[in-house]
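Undergrad:
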Amino acid sequence: MRGFFACEVCLERHHVRVYIETVPNRNSPPAILLREGYREDGKVRKRTLANLSHWEPQLVEHFRVLLKGGVAVESAASVLSIERSLPHGHVAAVLGAARGSGCLAWFGSAPQELRALLQAMLVARVLEPASKLATHRMLHDDTATSSLGRVLGVGQCSVDELYRALDWLHEAQPGIERRLARQHLVGSTLVLYDLTSTWLTGRCCELAARGHSRDGKRDDPQIVFGLVCTAEGCPIAVEVFKGNTADPATVAAQVAKLKERFGIERIAWVGDRGMLTSARIEQVLKPQGMDWVSSLRAPQIAQLAAEHGPLQPSLFDERNLLELTSEHFPGERLVVCRNPALAEERARKRLELLAATELDLAKIAAATERPRSPLRGEQAIALRVGRVIERFHVAKHFELTITDSTLAWRRRDEAIKAEAALDGLYVIRTSLAAELLDASAAVAAYKSLAHVERAFRSMKTVDLNVRPVFHSEQRVRAHVFLCMLAYYVEWHMRGRLKPMLFDDEYLNEASATRASPALKAVRSDHAKAKDTTKHADDGLPLHSFSTLLKDLATLTYNIARTAANSNAEIVITSRPTPIQTKAFELLKLTPNCSQ
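In our numbering, each residue carries its 1-based index in the sequence shown increased by 1.
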């Protein structure tokens with residue numbers, strides 16, 4: 002066989018064309034023939050030198066390479082060596098989605114040396130949220146944990162450069178938010194607004210203060226930040242406040258931002274009852290000509306339901322809705338909702354809390370009667386009782402009698418009965434006319450505040466991890482804004498990737514089939530099938546957003562060199578799996594889109 006190969010190479014050198022030809026056979030596999038082409042009497046002719054049909058396909062292809070002047074090698078490893086493999090698919094997905102949503106254009110006015118760093122920090126916040134020092138290590142060539150630094154050319158950046166980029170972002174925030182408002186709020190009626198808090202670590206932030214903590218960190222200083230979203234939950238603007246700022250006190254700043262900075266004259270604010278209080282409506286929204294959608298507090302509902310009041314159970318329609326007006330809320334429409342399931346849950350919980358309170362009170366009473374070291378002193382008994390009452394939050398339903406040596410109590414049955422009559426009731430208040438927002442739409446608008454809660458969950462815990470925060474005031478503001486921009490990218494990605502996630506693609510359609518908008522939203526049949534099978538319609542396994550990013554990360558960015566030229570660097574990305582291919586198709590990207 003060695004002589005045969007030598008002969009063929011010799012023929013090639015003397016301009017005799019030797020090649021491999023595949024000849025189809027009608028009823029049998031094609032014949033693989035080694036042939037020689039030559040000229041005779043001015044005509045092109047060919048002769049068969051060997052039948053290679055019995056050869057392995059791989060061997061045939063290697064022989065074909067030799068005949069074309071290629072080089073045969075013992076193994077791929079002897080020609081190509083992979084020096085490093087970096088997770089890449091998630092980088093390509095997030096960076097490509099950021100470009101597709103227009104995010105990266107926001108940084109066009111930044112100094113040239115900061116633009117790629119701003120892009121890197123934005124993408125890193127979605128991929129691997131961490132401190133700026135940890136982000137620097139993730140990007141740097143020596144310590145990279147993904148291809149992001151190489152793709153954007155920031156593999157030699159410093160921590161100080163990242164902080165310079167963060168400082169630029171702080172200055173650019175008003176302009177970026179203005180662009181977002183023009184893009185997403187044109188022609189819009191509803192704007193969602195809500196507030197949350199997050200604790201701080203460090204002593205350099207002037208905004209840090211102790212206040213009402215939504216994180217259960219009562220002993221730590223915190224900041225408060227408010228998020229403005231479209232009715233669909235797309236984030237538009239964020240503002241950071243001092244940690245002891247009350248919810249209603251932040252409304253005026255947001256109204257001024259939308260009206261003066263963004264130039265939006267007519268809009269309806271959607272906020273919860275702790276945010277859009279009656280005082281804030283009178284002092285801020287009405288003077289600015291703004292509309293609102295909010296809800297009433299329990300005492301206000303009780304006032305409506307009082308004897309001869311406008312809220313009477315017999316007036317509810319078949320949807321458990323009742324629309325009314327009241328002299329106490331002039332110029333507003335009130336939509337009363339009754340949720341039977343919620344009523345049962347509150348009644349059950351009240352009975353459990355009353356029973357638990359009485360059980361602990363009985364233990365205190367027993368302590369006052371024990372023969373050895375009985376509990377004595379009105380103040381000492383009251384302290385023990387106070388801890389119980391504070392724990393279960395039902396003090397208003399008990400009448401207590403405490404002396405130096407005894408404790409007695411009884412339930413306030415009339416108060417309990419009055420509260421029970423309002424179980425399952427909540428009242429939406431709005432200044433919008435029914436032609437603009439009917440009763441069902443008003444309820445749906447208020448419930449859409451769940452979009453903001455989802456954004457807070459993502460920004461604070463699940464995906465973007467805004468906390469813990471270490472920076473000074475200016476950088477705290479920039480850091481929170483960066484997290485909002487990262488959620489903007491995630492929000493757009495989630496919308497496109499829904500078929501691969503457990504998210505309900507048909508939630509609006511399912512909600513429309515409910516007997517009443519007051520009832521809890523239910524998942525569509527399609528989403529229930531997802532929950533049961535854990536697979537998409539095409540049979541591929543479903544993911545959460547975070548696990549899908551982890552799956553995409555297994556598509557690698559491989560840095561290789563050849564034996565022939567060790568100075569030349571070759572980049573090879575691995576072949577995507579079916580799941581990865583589908584994700585990129587939904588995002589309208591290719592794995593190499595960011596290179």
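The beta-carbon is built from N, C-alpha and C at its ideal position, and this holds for glycine as well.
1) Buried or exposed: where does E172 fall if 16 or more other Cβ atoms within 10 Å of its Cβ makes it buried?
2) Where does D505 land, buried or exposed, given buried means 16+ other C-beta within 10 angstroms?
3) Which value, in whole angstroms, describes the spacing of the CA atoms of L208 and G97?
4) Identify every residue that forms a DSSP beta bridge with F226.
5) By DSSP, does G1 sit in helix, in strand, or in coil?
6) So for R151, helix, strand or coil by DSSP?
7) What is the DSSP secondary structure of I382, reduced to helix, strand or coil?
8) Could you give the C-beta distance for V444 and I429, rounded to a whole number, given that I count them as a contact under 8 Å?
9) Just tell me which of A135, L201, P112 has its CA closest to the CA of S169.
10) Less than 8 Å between C-beta atoms, sequence neighbours within five positions excluded: which residues of the same chain meet that for D538?
11) With V506 as the anchor, note down where its alpha helix (DSSP H) starts and where it stops.
12) Might you give, ordered along the chain, the residues of its own chain that have their beta carbon closer than 6 Å to the beta carbon of T278, omitting 5 neighbours on each side?
13) Around the Cβ of L465, are there at least 16 other Cβ atoms within 10 angstroms (buried) or fewer (exposed)?
14) Going by DSSP, which residues form a beta bridge with R388?
15) Going by CA-CA distance only, name the one from T407, H493, T555 that's closest to E370.
16) On a Cα-Cα basis, can you pick out the residue from R412, A357, E162, G378 that is closest to V389?
17) Between which two residues does the beta strand (DSSP E) carrying K287 extend?
18) Compute the Euclidean distance between the alpha carbons of S512 and K521, then round it to the nearest angstrom.
19) Nearest to R40 by CA position, among R18, L53, V229, A383, is which residue?
20) Hey, could you find the ends of the beta strand (DSSP E) A160 is sitting in?
21) Would you grab the beta carbon distance between L193 and A232 for me? Rounded to a whole angstrom, and I think it's under 8 Å.
22) Nearest by alpha-carbon distance to L1: which of A561, A32, R495 is it?
23) What's the C-alpha gap between Q313 and D439?
24) Tell me whether the beta-carbon of V490 lies closer than 8 Å to the beta-carbon of A94.
25) List the DSSP bridge partners of E324.
26) Hey, out of K529, L508, S575, L502, whose CA is closest to L541's CA?
27) Between the C-alpha atoms of E415 and A422, what's the straight-line distance to the nearest angstrom?
28) With H, G and I counted as helix, E and B as strand and the rest as coil, what does DSSP make of E13?
29) Kindly identify the DSSP beta-bridge partner or partners of A32.
30) In chain order, what residues of the same chain have a beta carbon less than 7 Å from the beta carbon of V481, not counting five sequence neighbours either side?
31) Taking all protein chains shown into account, do 16 or more other C-beta atoms lie within 10 angstroms of the C-beta of L590, making it buried, or fewer, making it exposed?
32) For a test of the three-state rule: what should DSSP assign to E129, helix, strand or coil?
33) Among all the DSSP beta bridges, which residues are the ones paired with A51?
34) Could you pull out every residue in the same chain whose Cβ sits closer than 8 Å to the Cβ of V523, ignoring the five residues on either side in sequence?
35) With DSSP as the reference, please indicate the residues paired to E488 in a beta bridge.
36) Which class does T557 belong to by DSSP, given the choice of helix, strand or coil?
TA: Let's see:
1) By one-based count along the sequence shown, residue 172 stands at place 171. Burial is judged here by how many other beta carbons sit within 10 angstroms of a residue's own beta carbon; E172 has fewer than 16 and is exposed.
2) Start at 1 with the first residue of the sequence shown, and residue 505 comes out as number 504. When all chains shown are included, D505 counts as buried.
3) Looking up residue 208 in the sequence shown gives position 207. Looking up residue 97 in the sequence shown gives position 96. Those two C-alpha atoms are separated by around 35 Å.
4) Indexing the sequence shown from 1 puts residue 226 at position 225. Paired residue(s): T197, V241.
5) Absent from the model: residue 1. The displayed extent of the chain is 2 to 596, so no value can be given.
6) Looking up residue 151 in the sequence shown gives position 150. R151: helix per DSSP, three-state reduction.
7) Walking along the sequence shown from the start, residue 382 turns up at place 381. In the structure shown, I382 sits in a helix (DSSP, three-state: H, G or I).
8) Stepping through the sequence shown from its first residue, residue 444 is reached at position 443. Stepping through the sequence shown from its first residue, residue 429 is reached at position 428. With a contact defined as Cβ atoms closer than 8 Å, V444 and I429 qualify at about 6 Å.
9) As a position in the sequence shown, residue 169 is number 168, starting the count at 1. One detail in the question is off: residue 169 reads as Trp in this sequence, not Ser. Nearest option by C-alpha distance: P112.
10) Residue mapping note: residue 538 aligns to position 537 of the sequence shown, counting from 1. If we look at D538 and ignore the five residues flanking it on each side, its Cβ neighbours are P500.
11) Along the sequence shown, one-based indexing puts residue 506 at 505. In the sequence on display, residue 506 carries Glu and not Val. That residue, E506, is in no alpha helix (DSSP H); it is neither H nor E in DSSP.
12) Sequence index remark: in the sequence shown, residue 278 carries index 277 (1-based). Cβ within range, chain order: P249.
13) The sequence position of residue 465 within the sequence shown is 464, counting from 1. Low confidence applies to L465: its pLDDT is 48, below 50, so where it sits in the model is not reliable, and the reading given next is rough at best. Buried: at least 16 other Cβ atoms inside 10 Å.
14) On the sequence shown, residue 388 is found 387 positions in, with the first residue counted as 1. Bridge partners of R388: none, in fact.
15) Here residue 370 is taken as the residue at index 369 of the sequence shown, counted from 1. The shortest Cα separation from E370 among T407, H493, T555 belongs to T407.
16) Counting from one through the sequence shown, the residue named residue 389 turns up at place 388. Minimum Cα distance to V389 is reached at A357.
17) In the sequence shown, counting from the first residue as 1, residue 287 sits at position 286. Where K287 is concerned, there is no enclosing beta strand (DSSP E), given that its DSSP letter is neither H nor E.
18) Taking the first residue of the sequence shown as position 1, residue 512 is located at position 511. Taking the first residue of the sequence shown as position 1, residue 521 is located at position 520. Approximately 9 Å, taken between the alpha carbons.
19) For this step, residue 40 is matched to residue 39 along the sequence shown. Selected option, being the one with the closest Cα: R18.
20) Against the sequence shown, residue 160 aligns to sequence position 159. Per the sequence shown, the amino acid found at residue 160 is Val instead of Ala. First-last for V160: 160-185, but that is the alpha helix (DSSP H), not the beta strand (DSSP E).
21) Reading the sequence shown from its first residue, position 192 is the one you call residue 193. Reading the sequence shown from its first residue, position 231 is the one you call residue 232. Rounded, the Cβ-Cβ distance is 7 Å, consistent with contact.
22) Residue 1 is absent from the structure shown; the chain starts at 2 and stops at 596.
23) As a position in the sequence shown, residue 313 is number 312, starting the count at 1. As a position in the sequence shown, residue 439 is number 438, starting the count at 1. So the two alpha carbons sit approximately 21 Å from each other.
24) Residue mapping note: residue 490 aligns to position 489 of the sequence shown, counting from 1. Residue mapping note: residue 94 aligns to position 93 of the sequence shown, counting from 1. Contact flag unset, no.
25) On the sequence shown, residue 324 is found 323 positions in, with the first residue counted as 1. Beta-bridge pairing links E324 to V336.
26) Working through the sequence shown from its first residue, we reach residue 541 at position 540. Minimum Cα distance to L541 is reached at L502.
27) Counting from 1 along the sequence shown, the entry for residue 415 is found at position 414. Counting from 1 along the sequence shown, the entry for residue 422 is found at position 421. If I take the Cα positions, the gap works out to 11 Å.
28) Locating residue 13 in the sequence shown gives position 12, where the first residue counts as 1. Below a pLDDT of 50, predicted positions are generally treated as unreliable, and E13, at 44, falls in that range; no measurement from the model is reported.
29) Translated into the one-based positions of the sequence shown, residue 32 becomes position 31. BP columns for A32 point to V24.
30) As a first step, residue 481 must be located in the sequence shown, where it is residue number 480. Closer than 7 Å at Cβ, skipping near neighbours: F226, V239, V241, V467.
31) By one-based count along the sequence shown, residue 590 stands at place 589. L590 comes out buried.
32) The residue you call residue 129 lines up with position 128 of the sequence shown. Residue state, collapsed to three classes: coil.
33) Counting from 1 along the sequence shown, the entry for residue 51 is found at position 50. For A51, which the question treats as bridged, DSSP gives the partners L35.
34) Against the sequence shown, residue 523 aligns to sequence position 522. Hits under 8 Å: A511, S512, R515.
35) In the sequence shown, the residue the question calls residue 488 occupies position 487. Reading the sequence as shown, one finds Tyr at residue 488 and not Glu. Answer by DSSP bridge pairing: none, since Y488 is not bridged.
36) Numbered from 1 along the sequence shown, position 556 holds the residue referred to as residue 557. The answer is strand: DSSP assigns T557 an E or B state.
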